[in-house]
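The next block holds one structure in the form of structure tokens; read it before the comments.
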Amino acid sequence: MKPAVLDLFNQNDIKPALEQALNDLELDFQQNKYELKQAFLDSFKQICENTKQIQQTSQPKIGFLTYHLLRTKVLQHKYTYTVMAYDKEWYRNDGIPVGEADFSFLYRHYENLWRQLTRESRKYIMQFSEPDLENIMLGQLDPLSQIRCRTDAAQPSGCHRNRRISDPG
Numbered sequence: 001m002k003p004a005v006l007d008l009f010n011q012n013d014i015k016p017a018l019e020q021a022l023n024d025l026e027l028d029f030q031q032n033k034y035e036l037k038q039a040f041l042d043s044f045k046q047i048c049e050n051t052k053q054i055q056q057t058s059q060p061k062i063g064f065l066t067y068h069l070l071r072t073k074v075l076q077h078k079y080t081y082t083v084m085a086y087d088k089e090w091y092r093n094d095g096i097p098v099g100e101a102d103f104s105f106l107y108r109h110y111e112n113l114w115r116q117l118t119r120e121s122r123k124y125i126m127q128f129s130e131p132d133l134e135n136i137m138l139g140q141l142d143p144l145s146q147i148r149c150r151t152d153a154a155q156p157s158g159c160h161r162n163r164r165i166s167d168p169g
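Numbers 1 to 169, taken from the working numbering, label the letters of the sequence shown in order.
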């Protein structure tokens, strides 16, 4: 893909579509935050129960949980995170899989963005290949994962976004 075409696509199509997807995600979160919180807590409870069962075996004491979303899963449009437990040695030892967490409900807007950019890329006849668009979409995961939720009283809205796209503030 030519850099000039990518710059044009980024300016005219990606940035506005990404901004809209971020706004939609934030609005969706605000409207459904209690249901989303409960879904997360249910998932986390199951992961904790799995971890407790593993702890009862001869496994080392678990101190850390990490959620992994693999790029291969994203390219397959699957948004299930693998949850791995680690002991005090962290990454020195292999992690122990303790469950999965399905966050596809949060990636609905990402999927909409992907479909929209696929449509928009057709305007640039013979300029984009499927791997080009996949790389572009993988690059959009970071901005869409910047939604952070807080429960403290100082931030009553509960949801905040790091803005790292087109806006300066």
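Every residue gets a Cβ at the ideal spot worked out from N, C-alpha and C, and that includes glycine.
Candidates the options, of which the one nearest residue i by Cα
i          : options              : result
residue 36 : 139, 137, 6 and 102  : 102
residue 86 : 30, 61, 77 and 71    : 61
residue 51 : 116, 83 and 122      : 83
residue 1  : 131, 139 and 27      : 131
residue 89 : 140, 124, 143 and 63 : 63
residue 69 : 48, 104, 42 and 57   : 104
residue 74 : 106, 91, 16 and 97   : 106
residue 97 : 45, 65 and 125       : 65
Minimum Cβ-Cβ distance from residue i to chain D less than 9 Å
i          : result
residue 29 : Of the protein chains in the structure, only one exists, and it is not chain D.
Alpha-carbon spacing of residue i relative to residue j, whole angstroms
i           : j           : result
residue 148 : residue 54  : Reliability of the predicted coordinates at residue 148 is poor, the pLDDT of 44 falling under 50, and the value obtained from them is presented with this limitation in mind. Near 30 Å, if we compare the C-alpha coordinates of residue 54 and residue 148.
residue 119 : residue 25  : 20 Å
residue 33  : residue 40  : 10 Å
residue 139 : residue 117 : 13 Å
residue 137 : residue 23  : 17 Å
residue 9   : residue 128 : 10 Å
residue 11  : residue 28  : 25 Å
C-beta contact flag for residue i and residue j at 9 Å
i           : j           : result
residue 79  : residue 67  : no
residue 113 : residue 18  : yes
residue 43  : residue 99  : yes
residue 4   : residue 109 : no
residue 121 : residue 7   : no
Residues sharing a beta bridge with residue i, DSSP
i          : result
residue 94 : In the DSSP output, where bridge partners are listed per residue, residue 94 has none listed.
In chain order, which continuous runs of the alpha helix (DSSP H) of length 4 or greater are located wholly inside the region 57-92? Qualifying alpha helix (DSSP H) stretches, in chain order: 71-75.
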